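In our numbering, the protein residues as written are 2 to 258.
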């Protein structure tokens with residue numbers, strides 16, 4: 002996409018979970034590609050820093066709260082207009098908690114994972130889809146995971162949530178067939194962000210061991226794929242993109258040096 006001068010003529014793209022990691026990196030990549038990022042997350046101070054970097058707009062968002070999603074969508078509607086329609090949505094909010102087996106499953110952690118990954122994606126997509134359709138050339142990108150395509154020991158809560166999120170997204174692809182909206186699922190493998198830190202309750206040593214001995218992906222690697230998919234001509238739909246470190250074959254199989 003040719004980058005227009007900054008201003009009101011840049012189409013809007015919503016990025017959820019945009020205060021750090023893949024979300025923040027995607028906002029930067031898309032801003033460089035001519036979009037006006039509308040950034041949603043709970044950590045407003047960090048969100049505003051990303052908005053300042055990208056020339057975007059920060060709006061508080063908790064995808065697990067229906068009222069928060071409704072207020073966020075209203076804010077997006079206020080920003081949109083004839084010269085800058087909402088044309089993009091990057092569903093990135095979500096995450097994992099714990100690595101308990103099914104026998105040891107913690108229902109509170111499962112509930113949070115399903116609320117943030119599945120129902121959160123549903124709420125945001127449902128709220129913004131009418132505007133994306135009205136734009137005449139919308140694009141929904143959902144960041145799932147290889148955990149949505151396979152399973153691994155100790156990951157039942159997260160893999161089941163990511164499978165459901167992927168099924169939601171792929172079902173929508175069929176439901177919107179013939180409508181002016183593209184849908185792309187991006188399923189990364191091991192990406193070194195705050196993901197593992199959150200999963201292990203803020204334990205930096207446990208988080209670091211996940212990436213020990215490998216060269217993992219970083220947030221910018223995924224962001225470049227997001228921007229590439231969204232810069233294709235409107236008749237080109239990249240359905241599912243899987244990217245992993247060279248050192249990773251699956252969720253349970255790594256080459257560690």
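Every residue gets a Cβ at the ideal spot worked out from N, C-alpha and C, and that includes glycine.
None of the values given here were measured: they were computed from a predicted structure.
- Shown here for residue 246: same chain residues with a beta carbon closer than 7 Å to its own, the five before and five after excluded, namely 190, 191, 215, 216, 217 and 218 in chain order.
- Contact check for residue 58 against residue 40 passes: the beta carbons are separated by less than 8 Å.
- Closest in alpha carbon position to residue 175, among 187, 208, 207 and 238, is 238.
- Uninterrupted beta strand (DSSP E) stretches at least 3 residues long and entirely within the stretch 92–156 occur at 139–144, given in chain order.
- Below 8 Å, too few C-beta pairs join the stretch 23–34 and the stretch 100–109 to call them touching: fewer than three.
- Between the stretch 76–87 and the stretch 135–144, the count of C-beta pairs closer than 8 Å reaches three or more; the two stretches touch.
- Rounded to whole angstroms, residue 47 and residue 194 show a C-alpha spacing of 15 Å.
- Going by DSSP, residue 40 is part of the beta strand (DSSP E) stretching over 37–42.
- Setting aside the 5 residues that flank it on each side, residue 64 is surrounded in the same chain by 17, 70, 94, 117, 121, 124 and 125, each with a C-beta closer than 7 Å to its C-beta; the list follows chain order.
- By the beta-carbon neighbour count (other beta carbons within 10 angstroms, threshold 16), residue 180 is exposed.
- With distances taken between CA atoms, residue 10 lies nearest to 56 out of 56, 142 and 184.
- An exposed status is given to residue 205, since fewer than 16 other beta-carbon atoms sit within 10 Å of its beta-carbon.
- Per DSSP, reduced to three states, the secondary structure at residue 11 is coil, with no helix or strand assignment.
- A distance below 7 Å between beta-carbons, with the five flanking residues on each side excluded, links residue 197 to the following residues of its chain, in chain order: 208 and 211.
- Residue environment analysis places residue 54 among the exposed positions, since fewer than 16 neighbouring C-beta atoms fall within 10 angstroms of its C-beta.
- Put simply, the backbone Cα of residue 241 is about 13 Å away from that of residue 164.
- By the neighbour-count criterion, in which 16 or more other beta carbons inside 10 Å mark a residue as buried, residue 96 falls on the buried side.
- Straight across, the Cα-Cα distance linking residue 202 with residue 110 is about 11 Å.
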